[in-house]
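Residue numbers (the working numbering): 66 to 507.
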């Protein structure tokens, strides 16, 4: 049985605040320049939801500080402290060039949800998850406000922290860095502070005129989001199936991505080339590697194409992904680190822009959030029971996330509704993935 819908839930606004840095941003840091990569990404929000059970949700042990008012104060106080080193997040975006670090602050919304977290997470609906975000992913506010937060308190004592961070300064790695920094500030345990580094704009300086290069995503009304969970044993079987005698066994991300690409292409039922873009975190690909906590967009991508219509063998797709990653981490990254790095970036985004507007191909965009340890985000009352995103109004987008155990994958798949109806019945997909299983049970 599905969990309660957004329409069925009663929502009460408790407070609306603006959280400012605990100390003012120095004058010499008041203008944060975007990097070229920041300028090229679309102006949308990157969402994240973290759900924490309360004492009455499950039989888990919880620390004494579990009432909403104390948790809220703890979150606000720690956020205010965190915004000192993460000062751009408290500013306001100035066009496609910079952030004015004026300490205007982070909008912080508190709401009461009159339902049980346990009921919600029995069969969580992707559309319902949008209720727990401060704004929608496609909101125009992403062009002005870098960060918004909503804390939702459930009748059982559980809570959700919903974050919308502008893609103009945030990729998945930066979002993870921010979350861990905030949790460390909030937690009573003695943890090493997260120290952000703002170096990307020095590597890829901004450009004055990018009107023809920056990617713009157009929301579509007929898109639906579905969640598929691949357990560790299913992934092991899938990896064996996707492996060929003369190839190295695929990673779990490669195996799941190849399967979803194959099944989504089949669901489209169109005899035309299928193209996949894979987002790659470039921090550890550079030589020397950039710091894990480098803030901003430092993600690239590679394209792989299949011209055989629906005839897509799993091992063949894995091979394409492996070759694409090898070329990306070799020649492409080397060119990015050379004198013509910015020109290389511009050229690749120019080519991808052409792909986005072509109507003779099926283009699928894959992003992996695996390995970012989102389930370690302990603010002082335990680790989250679930880390998730929400539905997106953009077609052919797939986001992969770790399961709580760390060895499985949750896939959030966005397709046109008519194609999703076909995908949901695909026997090959259902042989390896469980559609929207229970997250939290009593």
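Glycine included, C-beta positions come from ideal geometry on N, C-alpha and C.
Nearest to residue i (by Cα), restricted to the options the options
i           : options            : result
residue 274 : 411, 360, 175, 78  : 411
residue 204 : 110, 194, 401      : 110
residue 198 : 114, 304, 244      : 114
residue 156 : 176, 207, 185      : 207
residue 177 : 217, 243, 272, 333 : 217
residue 240 : 361, 330, 342      : 361
residue 98  : 322, 269, 490      : 269
residue 112 : 209, 236, 102      : 236
residue 453 : 438, 425, 446, 317 : 438
residue 304 : 318, 294, 293      : 318
residue 299 : 321, 194, 290      : 321
residue 467 : 459, 460, 458, 477 : 477
residue 163 : 271, 372, 381      : 271
residue 470 : 339, 358, 296, 444 : 296
residue 462 : 329, 213, 200, 167 : 329
residue 420 : 341, 284, 108      : 341
residue 359 : 132, 445, 246, 133 : 246
residue 87  : 151, 78, 104, 80   : 151
Residue i versus residue j: straight-line alpha-carbon distance, rounded
i           : j           : result
residue 170 : residue 153 : 10 Å
residue 128 : residue 106 : Here the model assigns residue 128 a pLDDT of 46, short of 50, so the residue's position is not dependable and the matter cannot be decided.
residue 352 : residue 506 : 46 Å
residue 75  : residue 117 : 19 Å
residue 334 : residue 430 : 18 Å
residue 130 : residue 414 : In this prediction, residue 130 has a pLDDT of 49, which is less than 50 and means its spatial position is unreliable; what the coordinates show is noted afterwards. Roughly 48 Å separates the two Cα atoms.
residue 403 : residue 409 : 9 Å
residue 286 : residue 93  : 44 Å
residue 326 : residue 456 : 19 Å
residue 388 : residue 493 : 24 Å
Which of helix, strand or coil DSSP assigns to residue i
i           : result
residue 395 : helix
residue 234 : coil
residue 400 : helix
residue 326 : helix
residue 296 : coil
residue 305 : helix
residue 429 : strand
residue 81  : strand
residue 151 : coil
Cβ distance (whole Å) where residue i is taken to contact residue j below 8 Å
i           : j           : result
residue 347 : residue 367 : Actually they are not in contact, since the Cβ atoms of residue 347 and residue 367 sit about 11 Å apart, beyond 8 Å.
residue 243 : residue 230 : 7 Å
residue 324 : residue 386 : Residue 324 to residue 386, Cβ: 11 Å. No contact.
residue 265 : residue 100 : 4 Å
residue 432 : residue 464 : 5 Å
residue 356 : residue 491 : Contact doesn't hold; Cβ gap of about 41 Å is too wide.
Below-8 Å beta-carbon distance, residue i vs any chain C residue
i           : result
residue 209 : Looking at the structure shown, chain C is missing, and only one protein chain is on hand.
Any 3 or more C-beta pairs closer than 8 Å across the region 175 to 192 and the region 213 to 231: At 8 Å Cβ cutoff, the stretches touch.
Three or more C-beta pairs below 8 Å linking the region 480 to 489 and the region 131 to 148: No: fewer than three Cβ pairs fall under 8 Å.
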